[in-house]
Amino acid sequence: PCSAPRLRELDLLRFIAAGALVLHHFAGVRSTIWPGRDAQKIYPELAPVAHFGYLGVQLAFLISGFVILLTAWDRNAGDFAIARVVRIYPAYWFSVLLSVVLFMICGSAVPYGDGDNPVQRLLPNLTMLQDGMHVPSVEVLYWVLWVELHFYVLIALLARAGITYGRCVTFMVSWLLLGAYAKESDSELLQRLFFPETAPYFIAGMAFFLIYRFGSNLALWLILAASWALSVHYLVDGISPLNAWKGVHEIVIPVVLAVFYAVMALVALRKLSWLRWRGLTLLGAVAYPLYLMHETVARAIVKVFFPHPILDRLMILPVITVAVLAAAFLVHFLVERPLQALMRPRLASAMAQIRRNGATPEPAPPEPEPEPESDAGGRPQRDAAAVPPASVP
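The opening position of the sequence shown corresponds to residue 1 in this note's numbering, with each subsequent residue numbered one higher.
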């Protein structure tokens, strides 16, 4: 299939979403970076803004809904799976290994407590399926990848059936309804299948892609309105003291999500197509490793160098910020690109072999009729059974 067009405006939004989460973890919330300390107390000047950086996840889900449908369009399920595996696993594998190695070298804090040895979690975490196996992640933020995997499976099933405009709309409306039914039933199984709290973002992203590709219509805008309403409800309803200030966030969340939806609408309506700086592509490419590793790298630096006579609270923040950005760029160029170049043709070859050997075999041609035998005079002999009996006068 033809490669999807590069939307540099989405690359910029990816980097903004990742940057918001970095700021949130560095200066806006109690995290594993500052063991025993609350970042809001370390950086009270930044906390009022940094605290809301967790909403970068919601922006990332909106972008994902758009990009994943863009990636899957005109692809079959196998090609879509290859594209996703090649995209998400190389940097993820490195991130998991780096987290465990830095724990062993630096003794830096790890999620869920040092007593739960991350080395024992290594193999399950390398599969990215650890949440489904009830194995703790080596990094808390990997929960986002588990949600994304749910979405990929649903899109792969849609690709298997054949992606069309009509099927996408049916899929999106059905998903919204099934998510509501899952909440009503209070069924844990249904909620795990349809993840109603995060589904509205993916559905909205898909709707924005359909507007981008085919133009807007009332049905798609109604789907977007319903998605925004549900996403606001679920996010406000799920406010926790760890991530939000109740009361303030009930006002901030609807406004911020409305801004996210408005920006994505500008992308869908091609109003941001003037953003064509090539550097945005690189920013979009490093956003994923930046998200994966920013806590891992920062935690090790803080463990070794903070507090320090030179690296006080004002100095350590730019140091860890530059360090995680440098790590993201290095991983993109030295890990992601080489592994992707290695994996992509081999997975494509494997998929071609699977298709060749998994195809339904054609029915064997019928065997030819045997030629009748000839007598000594060259005349064909008649089958005795075929000779009609003599008539009785």
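We put the CB at the ideal spot given by N, CA and C, even for glycine.
**Item:** Straight-line gap, residue 96 to residue 126 (C-alpha atoms, nearest Å)
**Value:** Stepping through the sequence shown from its first residue, residue 96 is reached at position 96. Stepping through the sequence shown from its first residue, residue 126 is reached at position 126. If you take the alpha carbons of residue 96 and residue 126, they lie about 7 Å apart.
request  = Decide if the region 298-308 is in contact with the region 45-59; the criterion is three or more beta carbon pairs, one per stretch, under 8 Å apart.
outcome  = no
Backbone CA spacing between residue 206 and residue 285 [nearest angstrom]: Translated into the one-based positions of the sequence shown, residue 206 becomes position 206. Translated into the one-based positions of the sequence shown, residue 285 becomes position 285. Taking the straight line joining both Cα atoms gives about 21 Å.
| task | Pick out the complete alpha helix (DSSP H) segments inside the region 226-311, 4 residues or longer, and give them in chain order. | result | 249-268 and 279-305
Indicate whether residue 52 and residue 25 have their beta-carbon atoms separated by less than 9 Å.
As a first step, residue 52 must be located in the sequence shown, where it is residue number 52. As a first step, residue 25 must be located in the sequence shown, where it is residue number 25. Contact flag unset, no.
Do the region 139-153 and the region 163-182 meet, that is, are 3 or more Cβ pairs less than 8 Å apart?
no
Neighbourhood of residue 59 by C-beta, 6 Å cutoff - its chain only, sequence neighbours within 5 removed: Position 59 of the sequence shown holds residue 59. Result list for residue 59: 17 and 260, in chain order.
Rounded straight-line distance, which links the Cα of residue 339 to that of residue 65: Taking the first residue of the sequence shown as 1, we reach residue 65 at position 65. Taking the first residue of the sequence shown as 1, we reach residue 339 at position 339. Taking the straight line joining both Cα atoms gives about 25 Å.
key: alpha helix (DSSP H) segment containing residue 153, residue limits   = Within the sequence shown, the letter at position 153 stands for residue 153. First-last of the alpha helix (DSSP H) with residue 153: 143-161.
Margin query: For residue 43, report the span of its alpha helix (DSSP H) as first-last.
Written below: Position 43 of the sequence shown, counting from 1, holds the residue named residue 43. Premise fails: residue 43 is in no alpha helix (DSSP H) and is neither H nor E.
ask   = Within 10 angstroms of its Cβ, does residue 120 collect 16 or more other Cβ (buried), or is it exposed?
value = Taking the first residue of the sequence shown as 1, we reach residue 120 at position 120. Per the 10 Å Cβ criterion, exposed.
With burial defined as no fewer than 16 other Cβ atoms inside 10 Å of the residue's Cβ, what is the status of residue 165: buried or exposed?
Position 165 of the sequence shown, counting from 1, holds the residue named residue 165. Residue 165 comes out exposed.
Whole-Å CB distance - residue 324 paired with residue 100, under 8 Å assumed = Start at 1 with the first residue of the sequence shown, and residue 324 comes out as number 324. Start at 1 with the first residue of the sequence shown, and residue 100 comes out as number 100. 18 Å between Cβ atoms; not a contact.
message = My parser needs the beta strand (DSSP E) runs of 3 or more residues fully inside the region 15-42; what are they?
response = none
Best match in 332, 289, 274 and 231 for proximity to residue 8 [C-alpha to C-alpha]: Here the question's residue 8 lines up with position 8 in the sequence shown. Comparing Cα-Cα distances from residue 8 to each of 332, 289, 274 and 231, the minimum goes to 274.
Compute the beta-carbon to beta-carbon distance between residue 327 and residue 293, rounded to the nearest angstrom, for a pair I have assumed lies under 8 Å. By one-based count along the sequence shown, residue 327 stands at place 327. By one-based count along the sequence shown, residue 293 stands at place 293. Correct: roughly 6 Å between the Cβ atoms.
Tell me which residue opens and which closes the alpha helix (DSSP H) that residue 93 is part of.
One-based indexing of the sequence shown puts residue 93 at position 93. Residues 77-106.
* Start and end residues, alpha helix (DSSP H) containing residue 71 -> By 1-based counting over the sequence shown, the position of residue 71 is 71. Per DSSP, residue 71 belongs to the alpha helix (DSSP H) from 56-72.
Open item on the list: So, at 8 Å on beta carbons, what are the nonlocal neighbours of residue 57 in its own chain, with the 5 sequence-adjacent residues on each side left out?
Closed with: As a position in the sequence shown, residue 57 is number 57, starting the count at 1. If we look at residue 57 and ignore the five residues flanking it on each side, its Cβ neighbours are 17, 21 and 144.
#### Entry: residue 52 - DSSP class collapsed to helix/strand/coil
On the sequence shown, position 52 is the one that residue 52 refers to. Helix at residue 52.
Below 6 Å CB to CB, which residues in the same chain sit around residue 155 once its five sequence neighbours on both sides are set aside? On the sequence shown, position 155 is the one that residue 155 refers to. Within the same chain, residue 155 has close Cβ partners 68 and 72.
| With a CB to CB cut of under 6 Å and the five nearest residues on each side skipped, what residues in its chain are close to residue 224? | Here residue 224 corresponds to residue number 224 of the sequence shown, with the count starting at 1. Only 204 and 207 meet the Cβ criterion.
Are there three or more Cβ pairs, one per stretch, closer than 8 Å when the region 72-87 is compared with the region 345-356? yes
(Q) Mapping the DSSP letters down to three states, classify residue 133 as helix, strand or coil. (A) In the sequence shown, counting from the first residue as 1, residue 133 sits at position 133. Residue 133 falls in the coil class under three-state DSSP.
Discussion item. Output needed for residue 98: all residues of its chain with C-beta closer than 7 Å, excluding positions within five of it in sequence on either side, in chain order.
Written reply: As a working note, residue 98 is residue 98 in the sequence shown. The answer, listed in chain order, is 293 and 296.
- Determine, using beta carbons only, whether residue 124 and residue 140 come nearer to each other than 9 Å. Here the question's residue 124 lines up with position 124 in the sequence shown. Here the question's residue 140 lines up with position 140 in the sequence shown. Cβ atoms of residue 124 and residue 140: not closer than 9 Å.
Decide if residue 287 is buried, meaning its Cβ has at least 16 other Cβ atoms within 10 Å, or exposed.
-> Here residue 287 is taken as the residue at index 287 of the sequence shown, counted from 1. So residue 287 counts as buried.
**Asked** Which of the three DSSP states, helix, strand or coil, is assigned to residue 9?
**Response** Your numbering for residue 9 matches position 9 in the sequence shown. Helix at residue 9.
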